[in-house]
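A.B. asks:
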Amino acid sequence: LRTAPISRTQILLGKGLACFIATVGVAALLLIVAAIVFGVRPSAPAKLVMAVVSVSLCFVGVMMLLSVIGKTEQSAGGIGWAILMVMAMIGGGMVPLMFLPGWLQDIASVSPVKWSILALEGAIWRDFSYAELAGPCGVLVGMGAVCFVVGTRAFRWSA
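Each residue of the sequence shown is one higher than the last, beginning at 16 in this note's numbering.
#1: Under DSSP, the alpha helix (DSSP H) around K86 begins and ends at which residues?
#2: Alpha carbon to alpha carbon, how far is L72 from V156?
#3: Select from L63, L28, Q25 the residue whose C-alpha is nearest the C-alpha of G39.
#4: Determine contact between the segment 111 to 123 and the segment 134 to 141, defined as no fewer than three beta-carbon pairs at a distance below 8 Å.
#5: Decide if V154 is buried, meaning its Cβ has at least 16 other Cβ atoms within 10 Å, or exposed.
#6: Distance, Cα to Cα, A160 vs I51?
#7: Indicate whether T167 and M79 have their beta-carbon atoms separated by less than 8 Å.
#8: Less than 8 Å between the C-beta atoms of I94 and G85, yes or no?
#9: Assuming C162 and V77 form a contact by the criterion Cβ under 8 Å, report the distance between their Cβ atoms to the nearest whole angstrom.
#10: Considering Cα atoms alone, identify which of A66, V164, M109, I98 is closest to A146.
Given below as structure tokens:
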């Protein structure tokens with residue numbers, strides 16, 4: 016790929032697009048299973064699409080950033096899992112935020128997991144208006160864009 020007449024950013028955008036499509040596909044399958052098995056019915060499917068796209072964009076960016084933190088694929092994978100576990104713990108993915116101490120609830124705002132849960136819950140169960148959903152979705156897209164740009168800038172080709 017390095018010899019192709021395209022830039023590093025274009026290559027990484029292509030890989031990011033593939034990751035995005037896979038993430039949206041997995042989310043769609045999970046939502047289909049939730050609808051069939053558990054009877055989950057979002058009140059407004061367009062809001063759910065907005066939330067899923069925002070979450071997917073965010074985590075594509077986060078993955079791009081995490082991919083550059085290790086010298087090898089194995090070290091980046093291990094460090095990435097550790098960071099994602101912490102994000103899930105402080106973001107409400109393991110324990111609902113309302114059960115966390117106040118200081119940890121404040122810290123949770125840096126975790127994309129918090130905003131992902133808020134966006135998905137808002138679209139599925141809480142019947143957020145588009146204005147209410149725009150907040151968490153905007154944070155997710157912003158986090159994803161920043162992480163993607165930083166990850167792309169920090170990316171180094173290996174031999």
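In this text, a Cβ means the ideal position worked out from N, Cα and C, and glycines have one as well.
C.D. replies: To lay it out plainly:
#1: Run containing K86: none; DSSP gives neither H nor E here.
#2: Here the alpha carbons of V156 and L72 stand approximately 6 Å from one another.
#3: According to the sequence as given, residue 39 is Val; it is not Gly. Considering only L63, L28, Q25, the residue with the shortest C-alpha distance to V39 is L63.
#4: Because the criterion of three Cβ pairs below 8 Å is not met, the segment 111 to 123 and the segment 134 to 141 do not touch.
#5: Counting the other CB atoms within 10 Å of its CB gives V154 a total of 16 or more, which places it among the buried residues.
#6: Each residue's alpha carbon lies about 34 Å from the other.
#7: Going by C-beta atoms, T167 is nearer than 8 Å to M79.
#8: Taking 8 Å as the cut-off, the beta carbon of I94 is found closer than this to the beta carbon of G85.
#9: Indeed, because the Cβ distance is near 5 Å, the residues count as touching under 8 Å.
#10: The residue from A66, V164, M109, I98 with its alpha-carbon nearest to that of A146 is A66.
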